[in-house]
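Below: the structure, in structure tokens.
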Amino acid sequence: MKPPFNSVEECFYGSATLGERGQIVIPADARKDCDIHPGDKLLVFRHPIHPNMLMLAKVSEMQLMLEQMTKSLAEIGTHIQEAANADSKE
825 MKPPFNSVEE
835 CFYGSATLGE
845 RGQIVIPADA
855 RKDCDIHPGD
865 KLLVFRHPIH
875 PNMLMLAKVS
885 EMQLMLEQMT
895 KSLAEIGTHI
905 QEAANADSKE
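Residue numbers (the working numbering): 825 to 914.
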């Protein structure tokens, strides 16, 4: 997998056409860079602000991201609680 991008050009893989059966082909470079293989499960999201924009995410990557976010939120919660406890002692 490639490291985080530095420019939009590094993230653009071209275009895809929706077939008659509602299928699209993910460009080979995108599959390679994102480590996507036949049989991988992808989640399909509609963008919350731009209703005609779709986003794809590998299920395994989404699980990892949620685990990381949960850990970060727990750490933030601990800091908030410590700050509240310090404020109450003053």
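Ideal Cβ placement from N, Cα and C applies to all residues, glycine included.
Coil, strand or helix - residue i by DSSP
i	result
Ala881	strand
Leu842	coil
Val832	helix
Glu914	coil
Gln847	coil
Residue j beta carbon less than 8 Å from that of residue i
i	j	result
Ile860	Lys895	no
Ile848	Ala854	no
Identified DSSP bridge partners for residue i
i	result
Gly870	For the sequence presented, residue 870 should be read as Arg rather than Gly. DSSP lists Leu878 as partners of Arg870.
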